[in-house]
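So the sequence shown is numbered by this note's numbering: it starts at 372 and just counts up by one.
Below is one structure, written out as structure tokens, with a few remarks after it.
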Amino acid sequence: TLTANKINYHDVYPVDIEPAQLQPVLGSFARSASATNKTSEALIAGLAGEKHDPVDEVPFSSALKWSALAFDDEKMRGVYVLGALAMLRDHLEVSADVVAQIEQWSDEGLRVLVFAHNPEVLILHNAAGKPELPTLTLLGVISLSDELRPHLKETVAGFSANGIALKVISGDNPQTVAALARQAGFAGDLKYVSGTDLAEMDDVEFAQVAAEATVFGRITPDQKERLVDTLQQQGHYVAMIGDGVNDVLSLKKANLGIAMESGSAATRGVADMILIGDSFNALPAAFSEGQRIVNGMKDILRLFLTRVAYAAILIIAIDLIGLGFPFIPKQNSLLVGIGVGLPTLGLAVWARPGTMPKRGLLREIGRFVVPAALSISFFGVLVYSLAFSVGIINVLGTNTTPDTIASFEEYVGIDYTLTTASAYQVEVAHLVAQTALTTFTVFASLILVVFVEPPIQYFVAGDEFSGDWRPTLLAVGLFVVYMVIVLVEPLRTFFEMIDLPILAYVAIAAIALIWMLLLRMAWRHNWLERFLQVERLGD
Numbered sequence: 372t373l374t375a376n377k378i379n380y381h382d383v384y385p386v387d388i389e390p391a392q393l394q395p396v397l398g399s400f401a402r403s404a405s406a407t408n409k410t411s412e413a414l415i416a417g418l419a420g421e422k423h424d425p426v427d428e429v430p431f432s433s434a435l436k437w438s439a440l441a442f443d444d445e446k447m448r449g450v451y452v453l454g455a456l457a458m459l460r461d462h463l464e465v466s467a468d469v470v471a472q473i474e475q476w477s478d479e480g481l482r483v484l485v486f487a488h489n490p491e492v493l494i495l496h497n498a499a500g501k502p503e504l505p506t507l508t509l510l511g512v513i514s515l516s517d518e519l520r521p522h523l524k525e526t527v528a529g530f531s532a533n534g535i536a537l538k539v540i541s542g543d544n545p546q547t548v549a550a551l552a553r554q555a556g557f558a559g560d561l562k563y564v565s566g567t568d569l570a571e572m573d574d575v576e577f578a579q580v581a582a583e584a585t586v587f588g589r590i591t592p593d594q595k596e597r598l599v600d601t602l603q604q605q606g607h608y609v610a611m612i613g614d615g616v617n618d619v620l621s622l623k624k625a626n627l628g629i630a631m632e633s634g635s636a637a638t639r640g641v642a643d644m645i646l647i648g649d650s651f652n653a654l655p656a657a658f659s660e661g662q663r664i665v666n667g668m669k670d671i672l673r674l675f676l677t678r679v680a681y682a683a684i685l686i687i688a689i690d691l692i693g694l695g696f697p698f699i700p701k702q703n704s705l706l707v708g709i710g711v712g713l714p715t716l717g718l719a720v721w722a723r724p725g726t727m728p729k730r731g732l733l734r735e736i737g738r739f740v741v742p743a744a745l746s747i748s749f750f751g752v753l754v755y756s757l758a759f760s761v762g763i764i765n766v767l768g769t770n771t772t773p774d775t776i777a778s779f780e781e782y783v784g785i786d787y788t789l790t791t792a793s794a795y796q797v798e799v800a801h802l803v804a805q806t807a808l809t810t811f812t813v814f815a816s817l818i819l820v821v822f823v824e825p826p827i828q829y830f831v832a833g834d835e836f837s838g839d840w841r842p843t844l845l846a847v848g849l850f851v852v853y854m855v856i857v858l859v860e861p862l863r864t865f866f867e868m869i870d871l872p873i874l875a876y877v878a879i880a881a882i883a884l885i886w887m888l889l890l891r892m893a894w895r896h897n898w899l900e901r902f903l904q905v906e907r908l909g910d
């Protein structure tokens, strides 16, 4: 798939025969097959010859990787075979000079085939009807050239920039494929392996080679499918690009099957995506955008699920201890808007592409959400209880009159229909506690924004290092907005919050700082996983 599949005849290396004798035989062989492919078309275009009527035939297949014709006439008699040396090695002898020539052409990125003959045999199938080759004599080695697809180097570079590991799986010689891969921009010392070697490996060795090797040559359709399956079992999300019928099994097995527009109908039929014009150009940008969307959604889900979880726990916990409801609707709207709504808009806009985790999305998010929600809930109940107690103590020291109650109801804008001093005292304490809890949860929510996109290594605990300061600056800006709201009376009363002394805000900030340090330790030291005696949820 790296190449444009524009195959041309390059050269021939004859063995114990003159080139002028070998070339027309090879051209006649290509013309005599019942069906043509890109290879035979290149030989027909590059070599002279004439069509003969074979008495037996084995068409080329991806499993065999050779084709054969048997003739019984004066000009061409016997069995002629064209295919990969690796698949025909058991049927012929090859000298060191021939091997050296094959390696030279393979290192140049040329496709190399061997052409062999047995003049005494006229059948190619055994009694069971299966293809069977006789002992063969090597006539020569044929090289074919191909060209890389346009903009392939840019595409490979784009994949690498997005952290996507590329593997090339081909039916061609692994040396040839490795040479083409280097021309396409694959960096480093490419490790390659052949399908014949893979066939002799056990499951453990196969899995290790599947993970470590970059180029796989002389691969059968079943081996392609097995490679995809093995990579998936190792936790990888696998996308497969193919164009031939031999790619159908692996395309169906892959998480994402991508077919070329010029590919077979069967390949296009099973693919999830078809490349118009056989162009790879759109793929890096498409994968990059997909990564950006998923990474943005992960950050957004972390904040929203944490918010939902701790809000539910706070409502239940505070009700169980008999201290009323923790939030008034207007306070809740302020918390959602500043603590979650606006930050998630920023996170969606600033989301970056990056490598996708091998672990499941919910598993990864759960590692962030559970410790954050539980710790916010614990400290939230603590802040609410302390603020309620302080509110009761302070209001008990005041002289409660009907005018005081009326002024309170006018201040908060709610007709509580308070008739007793004790009822008034409880409502004031509730409002103090609700204001304190709203302040703490806003502080905590904004700190979580920093943990979701850590600008420096210190905050790397619940998520990977980002280095992006924009979410942090947004959190700082929203903190300033919140402090303006609680310090400016018209804004504060609109959200039904009470005026707290400056020392109260300092105390709440100190509690939020302690919470932040403990949460950071919980993430870094895997407290939740140790408590549950399970594997690290982020792995």
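Cβ coordinates follow ideal geometry from the N, Cα and C atoms, glycine included.
Reduced DSSP category for residue i - H, G, I as helix; E, B as strand; rest coil
i, result
"Val485", "strand"
"Ile645", "strand"
"Ser405", "coil"
"Phe651", "coil"
"Met934", "For the chain, the structure presents residues 372 to 910; residue 934 sits outside this window and is missing."
"Phe759", "helix"
"Ala630", "strand"
"Arg901", "helix"
"His496", "strand"
"Pro521", "coil"
"Phe587", "strand"
"Glu428", "strand"
"Asp382", "strand"
"Val831", "coil"
"Leu515", "strand"
"Val564", "strand"
"Met572", "coil"
"Gly909", "Residue confidence for Gly909 is low, a pLDDT of 46 falling below 50, so the modelled location carries little weight and cannot support an answer."
"Pro714", "helix"
Beta-carbon gap between residue i and residue j smaller than 8 Å
i, j, result
"Val512", "Val580", "no"
"Leu713", "Pro842", "no"
"Ala584", "Gln605", "no"
"Ser516", "His381", "yes"
"Trp840", "Pro826", "yes"
"Leu463", "Ala439", "no"
"Ala550", "Glu474", "no"
"Phe651", "Leu493", "no"
"His496", "Asp443", "no"
"Leu862", "Val855", "yes"
"Ala441", "Val450", "yes"
"Gly615", "Gly634", "yes"
"Val575", "Pro545", "no"
"Pro655", "Phe530", "yes"
"Val527", "Leu537", "yes"
"Ala642", "Leu622", "yes"
"Arg482", "Asp568", "no"
"Val485", "Leu459", "yes"
Contact belief for residue i with residue j at Cβ below 8 Å, rounded distance in angstroms
i, j, result
"Gly420", "Trp437", "Incorrect: roughly 19 Å between the Cβ atoms, too far for contact."
"Ala800", "Gly751", "Their Cβ separation, rounded to whole angstroms, is 16 Å, which puts Ala800 and Gly751 out of contact at 8 Å."
"Leu339", "Pro592", "Any answer about residue 339 is impossible in this case: the structure gives the chain only from 372 up to 910."
"Ser748", "Leu889", "Wrong, their Cβ atoms sit about 13 Å apart, outside the cutoff."
"Thr407", "Glu518", "20 Å between Cβ atoms; not a contact."
"Pro742", "Leu899", "5 Å"
6 Å CB neighbourhood of residue i in its chain, flanking five on each side removed
i, result
"Phe739", "Arg673, Gly833"
"Leu418", "Gln394, Leu397, Gly398"
"Ile818", "Met887"
"Val803", "Ala758, Gly762, Ile869"
"Val823", "Asp670, Arg673, Asp834"
"Ala653", "none"
"Asp649", "Met631, Glu632, Ser633"
Proximal residues to residue i (C-beta, below 8 Å), its chain only, five neighbours per side dropped
i, result
"Phe993", "Outside the displayed span of the chain (372 to 910) sits residue 993, for which this structure offers no information."
"Gln828", "Phe836"
"Gln702", "Gln805, Thr806, Thr809, Phe866, Glu867, Met868"
"Lys422", "Ser399, Arg402, Ser403"
"Leu858", "none"
"Ala558", "Ser531"
Residues near residue i by beta carbon distance below 7 Å, same chain, minus five either side
i, result
"Phe645", "It should be pointed out that residue 645 corresponds to Ile in this sequence rather than to Phe. Ala630, Glu632, Arg639, listed in sequence order."
"Asp667", "It is Gly, not Asp, that sits at residue 667 in the sequence shown. So the qualifying residues of the chain are Leu718, Ala719, Ala722."
"Tyr853", "Ile709, Val813"
"Asn533", "Pro655, Phe658, Ser659, Gln662, Pro724"
Residue i: CB within 7 Å of a non-hydrogen atom of the ligand SAM
i, result
"Leu509", "Judged by which ligands are present, the structure shown has none, so any question about the ligand SAM falls away."
*asked:* I'd like the ranges of any alpha helix (DSSP H) spanning at least 4 consecutive residues and lying wholly in the region 435–461.
replied: Restricting attention to alpha helix (DSSP H) runs no shorter than 4 residues, the region 435–461 encloses them at 456–459, ordered along the chain.
*Pick out the complete alpha helix (DSSP H) segments inside the region 530–557, 4 residues or longer, and give them in chain order.*
Counting only runs of 4 or more, we get 545–554.
*Can you list, in chain order, the stretches of the alpha helix (DSSP H) that have 4 or more residues and sit fully within the region 869–895?*
Correct list: 873–895.
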